[in-house]
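Peer 1: Residue numbers (my numbering): 20 to 144. Quick one: this structure, given as structure tokens, is what I'll be asking you about.
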């Protein structure tokens, strides 16, 4: 393996349309919003029976995962690390301040692949 990278914090997502966000510091990733309801992930039945499993159910506002020990993000550990959740929530709130709002979910007709050699484009270029 190579040497450790220079990043301490990684912002995965801030989505004002779906009201979701995610941030990581070290092995910990905080997820806010209903990302799992959209991603189509279905966990194996043996995992669904375990105590901290949180997919395919009504989700909490914030979930915390250790992505080194749990790379598939099946086990919400937020209740065991409330101080870390508070810290990462504050970091997300900081980043939300700089969000440039999306222009909406309308589909630009000129972006359709039939006008762009079979490829979706932004429609304005």
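Glycine included, every Cβ here is placed at the ideal spot set by N, Cα and C.
(1) Could you spell out the range, first to last residue, of the beta strand (DSSP E) harbouring residue 43?
(2) Please state whether the Cβ-Cβ distance between residue 35 and residue 121 is less than 7 Å.
(3) I need the boundaries of the beta strand (DSSP E) containing residue 112, first residue and last residue.
(4) If you drop the 5 nearest sequence neighbours on each side, which residues of the same chain put their C-beta closer than 8 Å to that of residue 100?
(5) Considering only their Cβ atoms, is the gap separating residue 32 from residue 40 smaller than 7 Å?
(6) Rounded to whole angstroms, what's the CA-CA distance from residue 137 to residue 95? Just pull it up for me.
(7) Tell me where the beta strand (DSSP E) around residue 84 begins and ends.
(8) Rounded to whole angstroms, what's the CA-CA distance from residue 108 to residue 25? Just pull it up for me.
(9) Here's the rule: buried if 16 or more other CB atoms are within 10 angstroms of the residue's CB, otherwise exposed. What is residue 92?
(10) In terms of residues, what are the limits of the beta strand (DSSP E) holding residue 127?
(11) With residue 33 as the anchor, note down where its beta strand (DSSP E) starts and where it stops.
(12) Which residues mark the beginning and the end of the beta strand (DSSP E) in which residue 47 is found?
(13) Using alpha carbons as the reference points, say which of 140, 51, 21 and 90 lies closest to residue 110.
Peer 2: In this structure, then:
(1) 39–44
(2) yes
(3) Not the beta strand (DSSP E): residue 112 falls in the alpha helix (DSSP H), residues 101–115.
(4) 47 and 83
(5) yes
(6) 41 Å
(7) 81–85
(8) 22 Å
(9) buried
(10) Careful: residue 127 lies outside any beta strand (DSSP E) and carries neither H nor E.
(11) 28–34
(12) 47–51
(13) 51
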